[in-house]
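Asker: Start counting the sequence shown at 5; every next residue gets the next number (my numbering).
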Amino acid sequence: MTSATSPAELLEGVVRALEPAFRIDRLVAATAERVVYHAWDRVLKRHVALYAHLAPDVPGRAWFLRETETLAALDHPTIRHVYAAAIAGSLAYRTTNWVDGESLADALRRGPRPIPTAHMLVRDLLSAVEHAHARGVILRRIVPLTLMLEVSGRAVITDLRYANWCLPNVPPEERGAGGAFVAPEVRAGGPGEPASDVYAVAALVYYVLTGHEPDADPARVVPPRQLRPAVPAALERVLLRALQAVPAGRYYTATEMLEDFVSDAGVFQEPAATPPLAEAGFERRLRRALGDDYELLEEIGTGGFGRVYRARDLGLERDVAIKVLHPSLTADAAVTERFRREAQLAARLRHPSIVSIYDIMGRAGLQWYTMELVPGTNLAQLVQAQGPLSVEQTVRVLDQGLSALEHAHALGLVHRDLKPENMLIEPDGRLRITDFGLALALRGDGRFGGATSRSGTPQFAAPEQLLGERVDQRADLYSLAAASYFALLGRPPFEGRTPEAILARQTTDDLPPLTDARHDVPRELEEVLRRALASDPGARYQTATAFREAVRRSRGLLRRLGAVLRGE
């Protein structure tokens, strides 16, 4: 190259030199010494990124060749592959895989990335870094401008110019380049160590989550949850440790950091054979099974079917409830199939008094569904904490419950296990019913029709359900009336030590008078409830609509009587 050669002439010479083996499609980037093309390899019949170094007699040539050697020594999907390298006349070039996507810097111009993307980035980068370390390569610098994101979301490290293998060729003034994205010891020009790359990965992930570069002074790094509250606590803990100023304060290796992360959040890899699930390892396995989808926050309930947790949906950044079925229930393939079918039916329900189902998933012997997180408590807990409800509160719960049953029954879905434990009461008093179809899905038509309650006895199940007879919507009306009795009295309408004892009282219609214990309960309302609790389904209200109209008529009569007594 001579000083008389113009840049245009120089690039034309590059194209002529490369054209026999490659079709040059377009120029991607160019500096005084280097050019990058998008090209087509005529022999291998694939798109490539073609890097060429133009000046043979400058220090940059040895730097270019050393970086090519470093890239070629590594074989990891998150590090750009070298396909071939050669010197052609005054040119040195290498071909690498072409990455369809954009740089992390470009992606972040649209704002912080979704949290599952950050989880994927943690895994991809730490895996790549550990691969490099096993071959003696310290990357030292990974910056948003040269970290590419494929369309699939996978990250690709494209620039190893500042790796330790290249350090003798890096100009002294550039050895600490990278700003807040490199560890303090690298910024000082040092060769770095495995913990330096741990810092670099953490700095990138911090930027992805928050949209802010971490402070160059590790002591002043703002915890990411202060900038984005939805960041999982486990991920924040891992990042803050990795961003310590002194290498000894960080993770010793990338593997140690990855293992700490996936032990509490993030990844699940399906084993070749699903291991038996011990109760002691239930929650730990669940955290891993939830993968990049949810962060497990706290247990909020338990019962015969399994456990309920509050969790954070990491994609939509909202809190949800997750009901995880006990493994003993889902070991049977028929149960799992019924559960999925009933969940699909229940997901069709759209009513303000029915808890919405969002999703159903399962991995490695665990089956769960996510649903709307309802603030407040269930009716059983509310009565236990505050005592029986007022007549007005009870009638409101009953009316909303009947409205919900109208909607569900119209779609052909019978609850079959309506009880105070799955009647959630919001702080403003609104009713939300959960677990539609769960009893049928998990227990089928077994003994006592799958009816359960917290104490293990079916105090809220209709007699025909306990007898194993055909169950229809009238069983739900019976259960809702029984729950209304519970709300008014603080105990079920029929009690007994066994299902048989309860059934005996039900079939004789031995219903205790409400007004003996609650003088404020109108006789008209009591009569409505007594009819709904008749042992013969044919003697009850036949539909939720008829039951609801009867409740409203009884309340209307009471209001008119009260107005007369007040002289209005």
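Backbone N, C-alpha and C define an ideal beta-carbon position, used for all residues, glycine too.
Who are Gln371's beta bridge partners in DSSP?
Answerer: In the DSSP output, where bridge partners are listed per residue, Gln371 has Gly366.
Asker: Alpha carbon to alpha carbon, how far is Pro279 from Gly369?
Answerer: Reliability fails at Pro279, whose pLDDT of 43 lies under 50, so the model's placement of it is uncertain and no value is given.
Asker: List the endpoints of the continuous beta strand (DSSP E) containing Gly310.
Answerer: Where Gly310 is concerned, the enclosing beta strand (DSSP E) stretches over Gly310 to Asp317.
Asker: Going straight from the alpha carbon of Met375 to that of Asp421, what length do you get?
Answerer: Roughly 18 Å between the two C-alpha positions.
Asker: What would DSSP say about Leu31, mapped onto helix, strand or coil?
Answerer: Correct three-state label for Leu31: strand.
Asker: From which residue to which residue does the beta strand (DSSP E) around Ala351 run?
Answerer: Counting along the chain, Ala351 falls outside any beta strand (DSSP E), and DSSP gives it neither H nor E.
Asker: Would you call the stretch 195-207 in contact with the stretch 233-251, where contact means no fewer than 3 C-beta pairs closer than 8 Å?
Answerer: Counting Cβ pairs under 8 Å, three or more are found: they touch.
Asker: Please state if the CB of Arg84 and the CB of Thr35 are separated by a distance shorter than 8 Å.
Answerer: No; because the gap between Cβ atoms is not below 8 Å, this pair is not in contact.
Asker: Leaving out five residues before and five after His411 in sequence, what residues of the same chain have Cβ atoms less than 6 Å from its Cβ?
Answerer: Here the set comprises His355.
Asker: Thinking Leu318 and Pro120 are a contact (beta carbons under 8 Å), I'd like their distance in whole angstroms, please.
Answerer: Indeed, because the Cβ distance is near 5 Å, the residues count as touching under 8 Å.
Asker: Exposed or buried, what is Ala567 when buried is set at 16 or more other beta-carbons lying within 10 Å of its beta-carbon?
Answerer: Any reading at Ala567 is ruled out, since the residue's pLDDT is 49, under 50, leaving its predicted position unreliable.
Asker: Along the beta strand (DSSP E) that carries Ser107, what are the first and last residues, could you check?
Answerer: Gly105 to Ser107 is the extent of the beta strand (DSSP E) around Ser107.
Asker: Taking the beta carbon of His523 as the centre, do at least 16 other beta carbons fall within 10 Å, making it buried, or is it exposed?
Answerer: By the 10 Å Cβ count, His523 comes out exposed.
Asker: Identify the residues that DSSP records as bridge partners of Phe286: which are they?
Answerer: DSSP output for Phe286 lists no bridge partner at all.
Asker: How would you call Asp79, buried or exposed, if buried means at least 16 neighbouring beta carbons within 10 angstroms?
Answerer: Exposed, by the Cβ-count rule.
Asker: Is it the case that the Cβ atoms of Ala53 and Thr82 are separated by a distance below 8 Å?
Answerer: Not closer than 8 Å, so no.
Asker: Beta-carbon within less than 8 Å of Glu106's beta-carbon, same chain only, minus the 5 sequence neighbours each way: which residues are those?
Answerer: Correct list, in chain order: Met152 and Leu153.
Asker: Out of Val525, Glu504 and Glu134, which has the shortest C-alpha to C-alpha gap to Leu471?
Answerer: Looking at the Cα atoms, Glu504 is the closest of the given residues.
Asker: Take Ser539 and list the residues in its own chain whose beta-carbon comes closer than 6 Å to its own, dropping the five residues that flank it on each side.
Answerer: Excluding positions up to five away in sequence, the list reads Pro467, Gln510, Thr511 and Asp513.
Asker: Would you say Ala408 and Ile437 are within 8 Å of each other, going by their C-beta atoms?
Answerer: Yes. Within cutoff.
Asker: Is the number of C-beta pairs between the stretch 131-141 and the stretch 335-355 that are closer than 8 Å three or more?
Answerer: The answer is no - the stretch 335-355 does not touch the stretch 131-141, with fewer than three Cβ pairs under 8 Å.
Asker: Count the other CB atoms, across all protein chains shown, that sit within 10 Å of the CB of Ser332; report buried if there are 16 or more and exposed otherwise.
Answerer: With fewer than 16 other Cβ atoms within 10 Å, it is exposed.
Asker: On the three-state DSSP scale, how would you describe Ala325?
Answerer: Residue state, collapsed to three classes: strand.
Asker: Looking at C-beta atoms only, is the number of pairs between the stretch 391-404 and the stretch 344-354 that lie closer than 8 Å three or more?
Answerer: Short answer: they don't touch.
Asker: Kindly indicate which three-state DSSP category Glu396 falls into: helix, strand or coil?
Answerer: Helix at Glu396.
Asker: The alpha helix (DSSP H) with Leu386 in it runs from where to where?
Answerer: Taken as a continuous stretch (DSSP letters only), the alpha helix (DSSP H) holding Leu386 covers Leu383 to Gln390.
Asker: Which of helix, strand or coil does DSSP assign to Phe464?
Answerer: Three-state result, Phe464: coil.
Asker: With 16 as the cutoff for other CB atoms within 10 Å, does Pro526 come out buried or exposed?
Answerer: Buried: at least 16 other Cβ atoms inside 10 Å.
Asker: Terminal residues of the continuous alpha helix (DSSP H) containing Trp67?
Answerer: Pro63 to Ala76 is the extent of the alpha helix (DSSP H) around Trp67.
Asker: Is it a yes or a no for the stretch 297-317 touching the stretch 208-218, going by three-plus beta-carbon pairs under 8 Å?
Answerer: No, they do not touch.
Asker: For Ile304, which three-state DSSP category applies?
Answerer: In this structure, Ile304 counts as strand in the three-state DSSP scheme.
Asker: Starting from the C-beta of Leu406, find all residues in its chain whose C-beta is less than 6 Å away, skip the five residues before and the five after it, and write them out in chain order.
Answerer: So the qualifying residues of the chain are Ala548, Phe551 and Arg552.
Asker: Nearest to Leu415 by alpha carbon, out of Glu425, Asp476, Gly391 and Glu528?
Answerer: Nearest C-alpha to Leu415: Asp476.
Asker: Going along the chain, which residues of its own chain have a beta-carbon closer than 7 Å to the beta-carbon of Ala282, five neighbours each way excluded?
Answerer: Residue placement at Ala282 is flagged as unreliable, the pLDDT there being 45, under the threshold of 50; the coordinate-derived value follows with that caveat. Answer for Ala282: no residue qualifies.
Asker: Tell me whether the beta-carbon of Glu189 lies closer than 8 Å to the beta-carbon of Gly182.
Answerer: No, the pair does not count as a contact, with Cβ atoms beyond the cut-off.
Asker: Would you list, in sequence order, the uninterrupted alpha helix (DSSP H) runs of no fewer than 4 residues that lie entirely inside the stretch 160-220?
Answerer: Whole alpha helix (DSSP H) segments, 4+ residues: 188-191 and 198-214.
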